[in-house]
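There are 2 protein chains.
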Amino acid sequence: MDISEVRKRIVATADELYNAKGIQAVGMDELRSAAGISLKKLYGEFPSKSSIVMAVLERRHESWTEGLDATVQQAGTARERLLAIFDYLAGWFCQDSFRGCGFINSFAELGAISPEVAEYARKHKESFQEFVARLAVEAGAPSYLAPQLAILAEGAQTTAAIAGTSDAAGQARQAAEVLIDVALTSN
Amino acid sequence: MDISEVRKRIVATADELYNAKGIQAVGMDELRSAAGISLKKLYGEFPSKSSIVMAVLERRHESWTEGLDATVQQAGTARERLLAIFDYLAGWFCQDSFRGCGFINSFAELGAISPEVAEYARKHKESFQEFVARLAVEAGAPSYLAPQLAILAEGAQTTAAIAGTSDAAGQARQAAEVLIDVALTSN
DNA sequence: TTGCATTGAGAACGAACGTTCTCTACTATG
DNA sequence: CATAGTAGAGAACGTTCGTTCTCAATGCAA
Numbered sequence: 104m105d106i107s108e109v110r111k112r113i114v115a116t117a118d119e120l121y122n123a124k125g126i127q128a129v130g131m132d133e134l135r136s137a138a139g140i141s142l143k144k145l146y147g148e149f150p151s152k153s154s155i156v157m158a159v160l161e162r163r164h165e166s167w168t169e170g171l172d173a174t175v176q177q178a179g180t181a182r183e184r185l186l187a188i189f190d191y192l193a194g195w196f197c198q199d200s201f202r203g204c205g206f207i208n209s210f211a212e213l214g215a216i217s218p219e220v221a222e223y224a225r226k227h228k229e230s231f232q233e234f235v236a237r238l239a240v241e242a243g244a245p246s247y248l249a250p251q252l253a254i255l256a257e258g259a260q261t262t263a264a265i266a267g268t269s270d271a272a273g274q275a276r277q278a279a280e281v282l283i284d285v286a287l288t289s290n
Numbered sequence: 104m105d106i107s108e109v110r111k112r113i114v115a116t117a118d119e120l121y122n123a124k125g126i127q128a129v130g131m132d133e134l135r136s137a138a139g140i141s142l143k144k145l146y147g148e149f150p151s152k153s154s155i156v157m158a159v160l161e162r163r164h165e166s167w168t169e170g171l172d173a174t175v176q177q178a179g180t181a182r183e184r185l186l187a188i189f190d191y192l193a194g195w196f197c198q199d200s201f202r203g204c205g206f207i208n209s210f211a212e213l214g215a216i217s218p219e220v221a222e223y224a225r226k227h228k229e230s231f232q233e234f235v236a237r238l239a240v241e242a243g244a245p246s247y248l249a250p251q252l253a254i255l256a257e258g259a260q261t262t263a264a265i266a267g268t269s270d271a272a273g274q275a276r277q278a279a280e281v282l283i284d285v286a287l288t289s290n
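Going down the list, the sequences are from chains A and B.
Under this note's numbering, the very last position in the first sequence is 290; numbers go up by exactly one each time.
Under this note's numbering, the very last position in the second sequence is 290; numbers go up by exactly one each time.
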């Protein structure tokens, strides 16, 4: 079996478990048995739990970025591409496995004691803000619009996760529509 | 010394430590020494760590609610009261001890394994949404405005916490201004 | 077949946690 | 002064975690 196949399975399993139960609540033994692998092989692939956590964060970042990109690309106009961000969120929120943004969660759990995790979460959010900023530029919007939309997207995530407001994405989308239109006409 | 004084000190110390390092990262012994108290007395006041966690959440809820209420009361008009929410956030974010919303953090840490914590976090967010909704009604705004503003407030919190965007409250406030004005004129 | 390297299963280890127990020192009442 | 009760300091306990080690089974080369 290909070595990277084992790594992928470990990281995918860890991603699911960490998302469902929290990182600290999942021990290496639970991960080992869920991945159907020996403890020796686990530690042969990764030197420590924290390296698995970082690999999971990378996987989450790629998965999120690619999914968002794909959804946004399908929209026709620049304005629709900005709104497509919230359609992507809506699709994400209604998944059974949705338990809030994994970066917010890992930051809350480990950010205070792991500079690595804190820095990666920060970079993920930064990359999202830059993504929104590029779309906003394409739409010809003033520079203050992008942070506003990014804040809406963040708020929709935590609202959907904690309050269980399943329509948080729709509400954020409506607000975004107003903000975009005002920003574009006042330009 | 008054018994409730001891309880207050324990909860206040726990609040600080849990906020700074995360709940799971702070052991009972660290809390004991920081509170300057004996382990026996600690367990005389609280039967378990999880009961301390719940007491901390209650304290956070009261502190947040009272502070927000006080700030909002100072504003003159109903529109200004809605915007005062974001002034309150701005003052909170620039505190050195700010490490994100304590309810989001505790939910991320323990929500998956502690139904009590998850439920309390949900109720806190629900109470905030109702608070915003009352202010929105006073301003004569349509019912869709309140969830939008609540999402903005949530997003500002996570953005300030993770991305370190110190002006997240200001950006959210500007967006709120637009949303409020549009909602009020379209009424 | 024989010897050797590799693997898997899980025991073992040290540390840390939440919680309880012990022992000592002090206080207060007769 | 004597003694019973209380409180504090921290040792101890059982569990769990991350990590390493042991050992038997397997596959493979000669």
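The beta carbon of each residue, even a glycine, is placed where N, CA and C say it ideally should be.
Item, Value
"Beta carbon proximity, Gly258 of chain A to chain B, threshold 7 angstroms", "yes"
"Within the segment 114–144 of chain B, ranges of the alpha helix (DSSP H) (whole runs, at least 4 residues)", "131–138"
"Contact list for Val281 of chain A against chain B, beta-carbon separation under 7 angstroms", "Val281, Leu282 and Val285"
"Chain B within 7 angstroms of Leu185 of chain A, Cβ atoms only", "no"
"Classification of Arg202 of chain A by the beta-carbon crowding that lies within 10 angstroms, buried from 16 upward", "buried"
"Pairwise C-alpha distance: Thr116 of chain A and Gln198 of chain A", "17 angstroms"
"Contacts of Phe210 of chain B in chain A (Cβ-Cβ under 7 angstroms)", "Ile265"
"Residues near Leu192 of chain B in its chain [Cβ-Cβ closer than 6 angstroms; skip 5 each side]", "Ala259 and Ala272"
"Cβ-based burial, Leu282 of chain A [other Cβ within 10 Å; buried from 16]", "buried"
"Residue nearest to Phe234 of chain A in terms of C-alpha spacing, selected from A:Gly147, A:Val159 and A:Val175", "A:Val175"
"For Ile265 of chain A, three-class secondary structure by DSSP", "helix"
"Any C-beta of chain B under 7 angstroms from that of Pro245 of chain A", "no"
"7 angstroms Cβ cutoff, Thr262 of chain A in contact with chain B", "yes"
"First through last residue of the alpha helix (DSSP H) which encompasses Pro218 of chain A", "Pro218 to Glu241"
"For Ala244 of chain A, the nearest candidate out of A:Ala263, A:Leu287 and A:Phe231 (CA to CA)", "A:Leu287"
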